[in-house]
Amino acid sequence: MKQIVPELLDEIKGVLKKHKVTFAEYRSAFEYLIGVQEAKEVPLMLDALFNATIVEIENESRKGTRADIQGPYYIDEDYPIVTDELPSRPEDAGAQDMIIRGQVTDLDGTPVAGAMLDIWHSTPDGLYSGIHDNIDRKYYRGRVVTGENGHYCVTSKLPVPYQIPNAGPTGDLLEKHLGRHSWRPAHIHFWARAEGKRDLINQAYFEGGEYVGDDCCDTDHLELVVPEVIEDGARVMEVNFVLEPAQAQLAAE
């Protein structure tokens, strides 16, 4: 705090002086930030503007699979163990099937058995269970444990691109004032954990998907894009993870 906050304040003051911000403009910004708080969009705005930068910093010290943003829709509780498919809503029965599979290894390529993968993604209409429209949190969330060979495999339904909430001040900032959009490409979230390994949070994106490489959250991690493969009508997402020793995280800190 003593290192970062004074420097941050000095940078902000420098920008204000450079552009000769008036008192009226300052008060306008003041009221805008009050609106962000009242709309309960502080987490949304911070994630949209800064999360990707923190991920870039973290990736400078990573030797295994690169990290990506977590997003605001992770539910911090024990997910149910899933061995075959993530629970899906009955009304999504007609949505395209998806197979999520891959292998977890260490830096030497040795399979990591017993690794736990928290997996979560949106519904086929771009919503998150436990967050939106009173959707039961059991849907499209689960925890997978890798087998002896480090492999895992579950089925689910295909997610879609979606807009982050854009009717409030965050949407105004992105769309009205900065001339950007508020869409995220379709993606799958992962949080990989294993004993003695550094945790990994990342996402997998769909080759050819809309907004891939043009994410409103500034993620352009194209190495996390999975090639399009279809098996029996199901989209296959082959997502492998290389985990580094936990000591690497200590060294990074």
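Here this note's numbering runs 5 ahead of the position in the sequence shown, where the first position is 1.
Every residue gets a Cβ at the ideal spot worked out from N, C-alpha and C, and that includes glycine.
No experiment lies behind these values; they were computed from the predicted model shown.
Asked	Found
Endpoints, the alpha helix (DSSP H) within which Val109 is located	Here Val109 belongs to no alpha helix (DSSP H); instead the beta strand (DSSP E) covers Asp102 to Asp111.
Three or more C-beta pairs below 8 angstroms linking the region 58-72 and the region 136-147	no
Beta-carbon proximity check, Gly147 vs Val217, cutoff 8 angstroms	no
Alpha helix (DSSP H) runs contained entirely in the region 43-101, provided each spans 4 or more residues	47-51 and 57-64
Within 8 angstroms, strictly: CB atoms of Ala120 and Gly155	yes
Lys162 - containing beta strand (DSSP E), residue span	His156 to Lys162
Neighbourhood of Ile206 by C-beta distance below 6 angstroms, restricted to the same chain and skipping five residues each side	Ala72, Gln75 and Trp196
Residue range of the unbroken alpha helix (DSSP H) whose run includes Gly269	A query on residue 269 cannot be resolved here, the shown segment of the chain reaching from 6 to 258 and no further.
As assigned by DSSP and simplified to three states, the class of Tyr144	coil
CB contact flag (Tyr210, His186, <8 angstroms)	no
Length of the line joining the Cα atoms of Lys23 and Glu82	46 angstroms
For Tyr210, three-class secondary structure by DSSP	strand
Local conformation of Lys117 per DSSP, three classes	The amino acid at residue 117 is misidentified as Lys; the sequence shows Val. In this structure, Val117 counts as coil in the three-state DSSP scheme.
Chain-order list of residues whose beta-carbon lies under 7 angstroms from that of Asp220 (same chain, five-residue window excluded)	Arg189 and Pro190
Local Cβ density within 10 Å of Tyr31, reported as buried at 16 or more and exposed below that	exposed
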